[in-house]
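Protein chains in written order, with my numbering: chain A, 68 to 472; chain B, 12 to 270. Beta carbons: idealized from backbone N, C-alpha and C, even for Gly. A short worksheet on the structure shown next.
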């Protein structure tokens, strides 16, 4: 949505042509207006009043228009500033705090609209008065005496606009269905990935262990080596199975090339974890050439940052796994900055966690074999998303083909 | 009127003023006295404002405010160089029993310099000195229609430098000093507008005092304009006001109409 402001012009604005002039000036300066109210004086000496909503494509453009309109006698009807209250304790927001959405949000502070930085759903907004900045802050990071936005007056949330072009990524996408033509959807994803590269925005992959079980590891590895992945989020499972396959050619004991259970293969994953723990970590294992292939090897070799967030049912875990959930969230928060596209493949837990951190402006692609999971992820407030019901390996194979890898 | 006892060029707040082009005190006094004499001779009764040292432009009494019956709407000068004149004129009018109306700070208004009656409508020039928003307050005080018109040429920074009502239906004006909206407003409001050329406008022909059928104009009116006015039955009196032109003012700027 374009930035806008409401202005009032009153007096003998009809006979003096001030009103037509105001409207012309707005258009000459590439702005748009909406007449909210117009009352015209009955007799010659009676004043007339018009209330206009003036919009422009950017905040500076709006300021230019407003400056000109003020010179023509218009007075901006500024919205009130946000209400602020101080946090009484660390990690506790004031009781009436404004709870954020993941949509672009602005607050009115010291008479100007300011974008809320690092927007994320279900957080508070902390205002830094020394720099007049507004920062979206998770509850646990609120410090005592921080100034927190309370109530919703002076807060403006900008809904995402429906694209005029027919796009693969559509606002409030139609229901997920396994019956959709996947080739076109995947071609659309490949196109979006190219656009991200051109716009220098990051591509995030969130992947679950099934990606390795289904034999998709090789394709993800190919994407990483070709530079299509800027950051990887996963858990202990994906990394363990990937390393197991690199060391033993199996995932959970199943031979990935033949699809059969290997003899005594059931403990391969524990041996893989043990080997990496012995090396000190995945990076060290790659450096010592203990691990020479696979997704994790590709990440280390191509300096693609990865965040492995642990969970309560992890084996081992690998030394690289962040076992403190709050630390993992923070590291993920840092890594999602600059992300324009998120591919969530065969993952529920990590995909939901990531979805919670992403602004709604980030395009998301959810791929899972289970339609229920895709629907669940698509329903979690990520507005510009598409869901693809597919096996992870086939999706990645087709994506690689669409990207000519 | 106000004697030019302390009149000088002390600052530059319009394109006419040059600190290097100073006034000659004696000549200014003579020119002013000549204007004063002429007005009296034409039957005007002239009241004087006492000059105050330090406020050289007090001589341009047209900018002091606007008189409407027993009400005096005091000016709010845009430039600090002239804001010191405000209490001087305010005291003067209070002492003479006028109801003095002041506008809020930030609502710039330079009196008759920027507001002139055409019939029962007041035209307000804005941009360089007065503010457009002021018109609403003026209309509330005066209970009359007030039409703001935008000035676009810095040399004609006040309405009275480019517009002069001669009667309820006719006026002298320099169209290029207004934008197209302002031109349209004047063309609609004034039945018989008389456009003056750039040359006449630069000689401040629009800065004319109207006394009955007599026009008191600064010297240098072009022949065509003179003929046109004479044909309309106007009697022209030219006065040398060269010393005041140095400050961007002429005949009309030196007087404020009280009745």
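**Message:** Can you pull the chain A neighbours of residue 159(B), defined as C-beta to C-beta under 7 Å?
**Reply:** 83, 85 and 140, listed in chain order.
**Message:** To the nearest angstrom, how far is the alpha carbon of residue 29(B) from that of residue 22(B)?
**Reply:** Cα atoms of residue 29(B) and residue 22(B): separation of roughly 8 Å, rounded to the nearest angstrom.
**Message:** Per the DSSP calculation, residue 166(A) is bridged to which residue(s)?
**Reply:** Bridge pairing for residue 166(A): absent [DSSP].
**Request:** Pull up the distance between the alpha-carbon of residue 279(A) and that of residue 180(A), whole angstroms please.
**Result:** Rounded to the nearest angstrom, the two C-alpha atoms are 47 Å apart.
**Asked** Should residue 445(A) go down as buried or exposed, given a rule of 16 or more other Cβ atoms within 10 Å for buried?
**Response** Burial call: buried.
**Message:** Please report the straight-line C-alpha distance between residue 435(A) and residue 413(A), rounded to a whole angstrom.
**Reply:** A straight line joining the alpha-carbon of residue 435(A) with that of residue 413(A) spans about 5 Å.
**Request:** Apply the 10 Å Cβ neighbour rule to residue 102(A) and answer buried if 16 or more other Cβ atoms are within range, or exposed otherwise.
**Result:** By the 10 Å Cβ count, residue 102(A) comes out exposed.
**Request:** Report the residues of the region 111-122 of chain A with a CB closer than 7 Å to any CB of chain B, ordered along the chain.
**Result:** Hits within the stretch, in order: 111, 112 and 114.
**Prompt:** Bridge partners of residue 228(B), per DSSP?
**Reply:** 249(B), per the DSSP bridge assignment.
**Asked** Under 8 Å, do residue 424(A) and residue 456(A) count as touching if we go by C-beta distance?
**Response** Taking 8 Å as the cut-off, the beta carbon of residue 424(A) is found no closer than this to the beta carbon of residue 456(A).
**Asked** Expressed to the nearest angstrom, what Euclidean distance is found between the alpha-carbon atoms of residue 225(B) and residue 121(A)?
**Response** Straight across, the Cα-Cα distance linking residue 225(B) with residue 121(A) is about 50 Å.
**Message:** Which residues does DSSP list as the beta-bridge partners of residue 182(A)?
**Reply:** 173(A).
**Prompt:** To the nearest angstrom, how far is it from the Cα of residue 135(B) to the Cα of residue 165(B)?
**Reply:** For residue 135(B) and residue 165(B), the distance between alpha carbons rounds to 16 Å.
**Request:** Use the C-beta contact count for residue 159(B): other C-beta atoms within 10 angstroms, 16 or more gives buried, fewer gives exposed.
**Result:** Buried: at least 16 other Cβ atoms inside 10 Å.
**Prompt:** At which residue ranges does the region 80-108 of chain A contain complete alpha helix (DSSP H) runs of 4 or more residues, listed in the order of the chain?
**Reply:** Listed in chain order, the alpha helix (DSSP H) runs fully inside the region 80-108 of chain A are 85-95, counting runs of at least 4 residues.
**Asked** Is there a Cβ from chain B that is less than 8 Å from the Cβ of residue 75(A)?
**Response** Under the 8 Å criterion on CB atoms, residue 75(A) is classed as non-interfacial with respect to chain B.
**Prompt:** DSSP state of residue 187(B), grouped into three classes?
**Reply:** DSSP places residue 187(B) in helix when its eight states are reduced to three.
**Prompt:** Where does residue 191(A) sit, in a helix, a strand or coil, going by DSSP?
**Reply:** Residue 191(A) carries a strand assignment under DSSP once its states are collapsed to helix, strand and coil.
**Request:** Between the Cα of residue 179(B) and those of 146(B), 68(B) and 129(B), spot the shortest distance and give me the residue it belongs to.
**Result:** It is 129(B).
**Request:** Evaluate contact between the region 87-95 of chain A and the region 141-159 of chain B, counting only Cβ atoms and requiring at least three cross-stretch pairs below 8 Å.
**Result:** Touching, no.
**Request:** Have a look at residue 213(A) and residue 259(A) and give me their C-alpha separation to the nearest angstrom.
**Result:** Distance between the alpha carbons of residue 213(A) and residue 259(A) is about 39 Å.
**Message:** Let's see if you can read the secondary structure: which residues bound the alpha helix (DSSP H) around residue 120(B)?
**Reply:** DSSP places residue 120(B) in no alpha helix (DSSP H); its state is neither H nor E.
**Request:** Assess, as a yes-or-no matter, whether the region 134-141 of chain A is touched by the region 74-83 of chain A under the definition of 3 or more beta carbon pairs within less than 8 Å.
**Result:** Cβ pair count under 8 Å is three or more, so yes.
**Item:** Whole-number beta carbon distance between residue 185(B) and residue 207(B), since they are thought to touch under 8 Å
**Value:** By a beta-carbon distance limit of 8 Å, residue 207(B) contacts residue 185(B). Their separation comes to about 5 Å.
**Request:** Run the CB neighbour count on residue 387(A), radius 10 Å, all protein chains shown included, and call it buried at 16 or more, exposed below.
**Result:** Looking at its Cβ environment, which holds 16 or more other Cβ atoms inside 10 Å, residue 387(A) is buried.
**Prompt:** What are the start and end residues of the alpha helix (DSSP H) that includes residue 454(A)?
**Reply:** Note, residue 454(A): premise wrong, no alpha helix (DSSP H); beta strand (DSSP E) at 452-456.
**Message:** With a threshold of 8 Å between beta-carbons, can residue 109(A) be considered close to chain B, or not?
**Reply:** No, residue 109(A) does not count as interfacial toward chain B.
**Asked** Taking three-plus beta-carbon pairs below 8 Å as touching, is the region 72-86 of chain B in contact with the region 98-115 of chain B?
**Response** Segments in contact, yes.
**Item:** Every unbroken alpha helix (DSSP H) within the region 336-370 of chain A, with a cutoff of 4 residues, ordered by chain
**Value:** Correct list: 349-354 and 362-368.
**Request:** For residue 79(A), decide whether its Cβ has a neighbour in chain B, counting only Cβ atoms nearer than 8 Å.
**Result:** Yes, residue 79(A) counts as interfacial toward chain B.
**Message:** Would you call the region 357-367 of chain A in contact with the region 310-318 of chain A, where contact means no fewer than 3 C-beta pairs closer than 8 Å?
**Reply:** Yes, they touch.
**Item:** Exposed unless 16 or more other CB atoms sit within 10 angstroms - verdict on residue 231(A)
**Value:** Reliability fails at residue 231(A), whose pLDDT of 47 lies under 50, so the model's placement of it is uncertain and no value is given.
**Message:** Between the alpha carbons of residue 129(A) and residue 266(B), how many angstroms are there, rounded?
**Reply:** For the pair residue 129(A) and residue 266(B), the Cα-to-Cα distance works out to about 43 Å.
**As assigned by DSSP and simplified to three states, the class of residue 292(A)** = Helix, per DSSP.
**Message:** What does DSSP give as the partner residue(s) for residue 220(B) in the beta ladder?
**Reply:** As DSSP reads the structure, residue 220(B) sits in a beta bridge with 227(B).
**Request:** Look at the alpha carbon of residue 98(A) and the alpha carbon of residue 233(B), and state the distance between them as a whole number of angstroms.
**Result:** Going from the Cα of residue 98(A) to the Cα of residue 233(B) covers about 45 Å.
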